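*Asks:* Be aware that the sequence shown starts at 1, since it is given in full-length UniProt numbering, and climbs by one per residue.
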Amino acid sequence: MNKLKVGLISLGCDKNRIDSEIILSHINMDNIIVNNPKEADIIIVNTCGFIESAKQESIDTILEMSKYKERYNCKLIVVTGCLTQRYGKELMELLPEIDIMLGVNDYAKLNESIKNCMENKNSKFYSCNYSDSSINEGKRILTTAPHTAYLRISEGCDNFCTYCIIPKIRGKYRSRNIESILEEAKSLASQGVKEIIVVAQDTTRYGIDIYGERMLSKLIREISNIEEIQWIRILYCYPEEITDELINEIANNNKVCNYLDIPIQHISDDVLKLMGRRGRKREIINNLNKLRDKIHDIAIRTSIIVGFPGESEENFDELKHFIKEIRFDKLGVFKYSQEEGTPAAEMENQIDEDTKKKREEELMLIQQDISKEINTSKINRIYEVLIEGKEKELWYGRSYEMAPEIDGLIYCESDKNLAIGDIVKIKITNSSEYDLMGVVM
C-alpha cells in the first residue's frame, strides 16, 4: 500500500495534545503527515469529552471534517480521545461518518486499523478498551513551539471530584517511573527543548502509588540536572497537596519557574464539600500564604467553577471576597457543566444558566481589574523572556509568569537579531489586562 497523507486535529487540554503527538509518531512510521486537511487521505480528530462545550466542539469538528470526504481526497475519518472513551459505540452509531474509533488506550492499533479499512472498502474499526494500568508514552512528534514541550508524569486520577468524569475515562491514578520520565526529558532536550512543562491530572500526587510517597520535588530536581533544560514549569497542583518540600524546591532551584497552576475550584467549605474536594478554605489560604512568603515573586494561576449545584449567593459572595483579597496573577472561570455519569449531575439545587453566566461575568470583571493593576505594577521591571515568534515588526514571548496559550504574552521591538527560542532580557514599558510591551535590553 502506498504511503497515505494523514492530517490530525487535536482538541482539548495539553494532556490530550501529548496523546496527539504520540498518535503522530505512530502515523509517521507508515504514512505522511500533512497540515492541510484538504490534502489528507485520512483525517484524525483527537477529541475532548470533559464538559458539554468540549463535547459539542468535538462533534462539530467531526461533522466538519466528514465533508472533506465529499469535497477533497479524504477516504477515512478516524476519531480518538476522551469523547470516544466516554461514549464508545454509542458515538459511532450517532455519527455514521466515523470510519475508525479508538479509545485512549488503543492508539497502538492506529496503523493496523487504517490498513484494514483501506483494504476493505466500507468496513469500520472500533476499539475502546478501558485500562487502569496502561500509560500512553513513547515517541512523540512535537506540535508545540520547538523550544517548549509538555511532559506527562502520570495518567488517570484518584480524586473523584463529584463534577468530573475523568476517572471514568482515564482510569485510576498511575505514575510513570522516574527513569522513563527522565529518559523522555533528555530526548526532548536533545531536540532543542528548553522549557519542560510538567503535567498530569494531579502533579502533586506524583509517586504516591508506586513509591509510597510524593516524589514531585525529587523528580523536578532530577529534570533540572539536564543541562539543556532551562525552565521547568509545573501545572495542575492540588492546593492541599503542596508540601513544604515542594515549596522549598521551587524557591531554591533556579531552573524551576516561580509559577504554579493551582486549580482550587472554589473557596466556600460548603461548596468544596459538595464538590468532593479534599482541601478546605483554611488549608488553601495557608498554602497560598506559605508560597508567597517563601517565594516573593511567585505567579499563581487558578481555576474557579461557578454555579455548582447548591452554590448560594452567600457562597458566591464569599468567593468574590476571596478573589479580591488573594489577587491571583491569573484566573480562569468556568460555568459548572452538568455531566451525565457524575454525582453532581444528580444533585438537587441545580443553578440556572442565566445565574451561572452572571456569576462567571462578575468574577471575570473582578479579575480583569486585578490583572490590569498587577500588570501596571510590572512597568520598568526586567524579565527574562523566551522568544516564541514575530508578528509584523514585533517579537513576542513569555516570561516565567506565563504558561503557553492560557496566559498573556510580552511583545517587544528589537534592533538585535533575535531568533525563536532565544531567552533575552526585556524591560517592560507598557501593559494591558493580559499582555505586556517592552524593549530588549
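Built from N, CA and C at the ideal position, the CB exists for glycine as well. Remember, it's a predicted structure, so these values are computed and weren't measured experimentally.
Short of 6 Å in beta carbon distance, which residues of its chain neighbour proline 343, apart from the five on each side in sequence? Order them along the chain.
*Replies:* Thr162
*Asks:* Is the segment 140 to 152 touching the segment 109 to 117 in the sense that three or more CB pairs, one from each, lie closer than 8 Å?
*Replies:* These segments do not touch.
*Asks:* Would you kindly check if the distance between the Cβ of alanine 299 and the Cβ of glutamate 373 is under 9 Å?
*Replies:* Not closer than 9 Å, so no.
*Asks:* Could you round the C-beta distance between leucine 331 and threonine 302 to whole angstroms and report it? I think they count as a contact, below 8 Å.
*Replies:* 6 Å
*Asks:* What separation, rounded to the nearest whole angstrom, lies between the Cα atoms of leucine 94 and lysine 392?
*Replies:* 45 Å
*Asks:* Run through DSSP, which three-state label would serine 414 get?
*Replies:* coil
*Asks:* Within 10 angstroms of the Cβ of methionine 441, are there 16 or more other Cβ atoms? Answer buried if so, exposed if not.
*Replies:* exposed
*Asks:* Go ahead and label tyrosine 211 buried or exposed: buried means 16 or more other beta carbons lie within 10 angstroms of its beta carbon, across all protein chains shown.
*Replies:* By the neighbour-count criterion, in which a residue is buried when 16 or more other Cβ atoms sit within 10 angstroms of its Cβ, tyrosine 211 is exposed.
*Asks:* Less than 8 Å separating the Cβ of proline 96 from some heavy atom of the ligand ADP?
*Replies:* As presented, the structure is devoid of all ligands, the ligand ADP included, so that no description of it is given.
*Asks:* How would you call threonine 84, buried or exposed, if buried means at least 16 neighbouring beta carbons within 10 angstroms?
*Replies:* buried
*Asks:* Please state the DSSP three-state secondary structure of glutamate 34.
*Replies:* The sequence shown places valine at residue 34, not glutamate. Three-state DSSP puts valine 34 in coil, outside helix and strand.
*Asks:* To which residues of the same chain is glutamate 360 closer than 7 Å at the C-beta, ignoring the five residues directly before and after it?
*Replies:* Val306, Val333 and Lys335
*Asks:* Might you give, ordered along the chain, the residues of its own chain that have their beta carbon closer than 6 Å to the beta carbon of leucine 418, omitting 5 neighbours on each side?
*Replies:* Ile387 and Trp395
*Asks:* Per the DSSP calculation, glutamine 265 is bridged to which residue(s)?
*Replies:* According to DSSP, which records beta bridges pairwise, glutamine 265 is partnered with Ile304.
*Asks:* Rounding to the nearest angstrom, what Cα-Cα distance links aspartate 415 and valine 439 in this structure?
*Replies:* 10 Å
*Asks:* So is methionine 29 buried or exposed if we call it buried at 16+ other beta carbons inside 10 Å?
*Replies:* Counting Cβ neighbours within 10 Å, methionine 29 comes out exposed, since fewer than 16 surround it.
*Asks:* With C-beta atoms as the reference, is glutamate 21 less than 9 Å away from threonine 203?
*Replies:* Taking 9 Å as the Cβ cut-off, glutamate 21 and threonine 203 do not qualify as a contacting pair.
*Asks:* How close, in whole Å, do the beta carbons of glutamate 97 and serine 66 come, if the pair is a contact with beta carbons under 8 Å?
*Replies:* 4 Å
*Asks:* Where threonine 243 and cysteine 257 are concerned, what is the direct C-alpha to C-alpha distance, given to the nearest angstrom?
*Replies:* Going by C-alpha positions, threonine 243 is about 17 Å away from cysteine 257.
*Asks:* Give me the residue from Ile323, Glu325, Lys320 and Ile247 with the minimum Cα distance to glutamate 296.
*Replies:* First, the amino acid is wrong: residue 296 is histidine here, not glutamate. Among Ile323, Glu325, Lys320 and Ile247, the Cα nearest to that of histidine 296 is on Ile247.
*Asks:* Expressed to the nearest angstrom, what Euclidean distance is found between the alpha-carbon atoms of arginine 86 and valine 385?
*Replies:* 40 Å
*Asks:* Would a C-beta distance cut-off of 9 Å place isoleucine 370 and phenylalanine 328 closer than the cut-off?
*Replies:* yes
*Asks:* Starting from threonine 47, trace the beta strand (DSSP E) in both directions and tell me its first and last residue.
*Replies:* 42 to 47
*Asks:* What would DSSP say about asparagine 349, mapped onto helix, strand or coil?
*Replies:* Three-state DSSP puts asparagine 349 in coil, outside helix and strand.
*Asks:* How many angstroms separate the CA atom of arginine 233 from the CA atom of cysteine 412?
*Replies:* 23 Å
*Asks:* For residue 458, which residues in the same chain have their Cβ closer than 6 Å to its Cβ, ignoring the five residues on either side in sequence?
*Replies:* Past the boundaries of the shown model lies residue 458; the chain is included only from 1 to 441, so the question cannot be answered.
*Asks:* Specify whether the segment 168 to 175 and the segment 183 to 197 touch according to this definition: at least 3 beta carbon pairs, one from each stretch, less than 8 Å apart.
*Replies:* Taking a contact to require three or more Cβ pairs closer than 8 Å, the segment 168 to 175 and the segment 183 to 197 do not qualify as touching.
*Asks:* For leucine 11 versus glutamate 64, is the C-beta distance shorter than 9 Å?
*Replies:* no
*Asks:* Put serine 123 into one of helix, strand or coil per three-state DSSP.
*Replies:* It is coil, neither helix nor strand.
*Asks:* Taking all protein chains shown into account, decide if histidine 146 is buried (16 or more other Cβ within 10 angstroms of its Cβ) or exposed.
*Replies:* Reading off the sequence shown, one finds proline at residue 146, where the question assumed histidine. Proline 146 is exposed by the Cβ-count criterion.
*Asks:* Would the beta-carbon of methionine 118 fall within 9 Å of that of lysine 69?
*Replies:* For methionine 118 and lysine 69, no; Cβs fall outside 9 Å.
*Asks:* Considering only their Cβ atoms, is the gap separating isoleucine 428 from isoleucine 379 smaller than 9 Å?
*Replies:* Yes, Cβ-Cβ distance for isoleucine 379 and isoleucine 428 is below 9 Å.
*Asks:* Going by alpha carbons, who is nearest to isoleucine 226 out of Asn252, Leu235 and Gly192?
*Replies:* Gly192
*Asks:* At which residues does the beta strand (DSSP E) containing alanine 149 begin and terminate?
*Replies:* 148 to 152
*Asks:* Less than 8 Å between C-beta atoms, sequence neighbours within five positions excluded: which residues of the same chain meet that for methionine 275?
*Replies:* The beta carbon of methionine 275 sits closer than 8 Å to those of Cys161, Thr162, Tyr163, Gln265, His266, Ile305, Phe308 and Ala344, all from its chain and outside the five residues before and after it, given in chain order.
*Asks:* Taking the alpha-carbon of leucine 235 as reference, which of Ile196, Asp269 and Arg221 has the nearest alpha-carbon?
*Replies:* Ile196
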